[in-house]
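*Asks:* Numbering-wise (our numbering), the sequence shown opens with residue 4 and increments by one.
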Amino acid sequence: MEHYFTRDPGGPHALRRLEVVLRGEKLVFWTDRGVFSPGRIDRGTRLLAETFRAPGGARILDLGAGYGVLGIVAARVVPQAEVWMLEVNRRAAELAERNARENGVNRVHVVVGEGLDALPHDLRFHTVLTNPPIRAGQALVFSLYRQAIARLIPGGELWTVVRTRQGAERHLAFLADVAGKAELVTRGGGYRVFRAARRGNFEG
């Protein structure tokens, strides 16, 4: 059985066009069979998209980008942001590139790969956004958290969303242990949004 975190989905295509409003921005997303949540923007991604903050001019990573929702929202609402989107699923990554063009955002880089080693070695981020692939297992998700925190500048932040009933408190504890500080930012619809700072603070 193929999952949304399959590298090369082999099933037939079923393109679909979604029109949504996020952070007050009218956006269009093309989706397809074999990617995560093709029928609608899932509640967790929507909650994180409406919640995260990043400074102007930030370099932002959308980790496990899917068809690009978080990265494209960031590119639209964060002034002068440079956005990187990392996605293991080639079909989803191709959609992310298409959606970036569709929504008129630039300074966006889409990379296909599994883990942050797929990115340039010296690349560091002010902000990492992720709706992690929970179904891939806790060990993989926690490994991605650890890799992402290592790529933050000092004081940089990782923002993640986790369904409450899927062990959200364990995620918060792990992030606090690895980053030094983590907190619950908001909750809604059965999800929780956390942020973790790398030796920084939560001012602003």
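All residues carry an ideal CB built from backbone N, CA and C; glycine is no exception.
Fair warning: this is a prediction, and the values are worked out from it, not measured in the lab.
Just to confirm the assignment: which complete alpha helix (DSSP H) runs, minimum length 4, are found wholly within the stretch 99-143?
*Replies:* Those alpha helix (DSSP H) runs which fall completely within the stretch 99-143 and span 4+ residues do not exist here.
*Asks:* Quick check on the burial criterion: 16 or more other C-beta atoms within 10 angstroms. Buried or exposed for asparagine 102?
*Replies:* The residue you call residue 102 lines up with position 99 of the sequence shown. With 16 or more other Cβ atoms within 10 Å, it is buried.
*Asks:* Would you kindly check if the distance between the Cβ of alanine 176 and the Cβ of arginine 195 is under 8 Å?
*Replies:* Within the sequence shown, the letter at position 192 stands for residue 195. Within the sequence shown, the letter at position 173 stands for residue 176. Their beta carbons are not under 8 Å apart, which means arginine 195 does not touch alanine 176 by this criterion.
*Asks:* Could you tell me the distance, in whole angstroms, from the CA atom of valine 113 to the CA atom of arginine 93?
*Replies:* Here residue 113 is taken as the residue at index 110 of the sequence shown, counted from 1. Here residue 93 is taken as the residue at index 90 of the sequence shown, counted from 1. Rounded to the nearest angstrom, the two C-alpha atoms are 10 Å apart.
*Asks:* Excluding five sequence neighbours on each side, which residues of the same chain lie with their C-beta closer than 8 Å to the C-beta of valine 38?
*Replies:* Reading the sequence shown from its first residue, position 35 is the one you call residue 38. Excluding residues within five positions, the ones whose Cβ falls inside 8 Å are Tyr7, Pro12, Gly69, Tyr70, Asn92, Arg94, Ala95, Leu98.
*Asks:* With H, G and I counted as helix, E and B as strand and the rest as coil, what does DSSP make of alanine 199?
*Replies:* Taking the first residue of the sequence shown as position 1, residue 199 is located at position 196. Three-state result, alanine 199: strand.
*Asks:* In whole angstroms, give me the CA-to-CA distance for aspartate 45 and arginine 166.
*Replies:* As a first step, residue 45 is located in the sequence shown; it is residue number 42 there, counting from the start. As a first step, residue 166 is located in the sequence shown; it is residue number 163 there, counting from the start. About 11 Å.
*Asks:* DSSP state of aspartate 65, grouped into three classes?
*Replies:* As a first step, residue 65 is located in the sequence shown; it is residue number 62 there, counting from the start. Reduced to three states, the DSSP call for aspartate 65 is strand.
*Asks:* Along the chain, where does the beta strand (DSSP E) containing isoleucine 156 start, and where does it finish?
*Replies:* Here residue 156 refers to the residue found at position 153 when the sequence shown is read from its first residue. Run containing isoleucine 156: 155-166, per the beta strand (DSSP E) assignment.
*Asks:* Let me check one thing: in DSSP terms, what residues is alanine 185 bridge-paired to?
*Replies:* Position 182 of the sequence shown, counted from the start, is the residue given in the question as residue 185. BP columns for alanine 185 point to Ala199.
*Asks:* Judging by CA-CA distance, which residue of Asn106, Leu50, Phe55 is the nearest neighbour of glycine 159?
*Replies:* Walking along the sequence shown from the start, residue 159 turns up at place 156. Comparing Cα-Cα distances from glycine 159 to each of Asn106, Leu50, Phe55, the minimum goes to Phe55.
*Asks:* On the DSSP letters alone, give me the boundaries of the beta strand (DSSP E) that leucine 18 sits inside.
*Replies:* Translated into positions along the sequence shown, residue 18 becomes position 15. Note, leucine 18: premise wrong, no beta strand (DSSP E); not H, not E.
*Asks:* Rounded to whole angstroms, what's the CA-CA distance from tryptophan 162 to leucine 132? Just pull it up for me.
*Replies:* In the sequence shown, counting from the first residue as 1, residue 162 sits at position 159. In the sequence shown, counting from the first residue as 1, residue 132 sits at position 129. Whole-angstrom Cα-Cα distance: 5 Å.
*Asks:* Please report the distance separating the alpha-carbon of arginine 62 from that of aspartate 125.
*Replies:* Residue numbering aside, residue 62 sits at position 59 when the sequence shown is read from its first letter. Residue numbering aside, residue 125 sits at position 122 when the sequence shown is read from its first letter. Arginine 62 and aspartate 125: Cα-Cα distance of roughly 13 Å.
*Asks:* Under 8 Å, do leucine 73 and leucine 89 count as touching if we go by C-beta distance?
*Replies:* Residue numbering aside, residue 73 sits at position 70 when the sequence shown is read from its first letter. Residue numbering aside, residue 89 sits at position 86 when the sequence shown is read from its first letter. Not closer than 8 Å, so no.
*Asks:* For glycine 192, which residues from the same chain have a beta carbon less than 6 Å from its beta carbon, with the 5 sequence-adjacent residues on both sides left out?
*Replies:* For the purposes of this step, residue 192 is taken as residue 189 along the sequence shown, with counting starting at 1. Cβ within range, chain order: Arg46.
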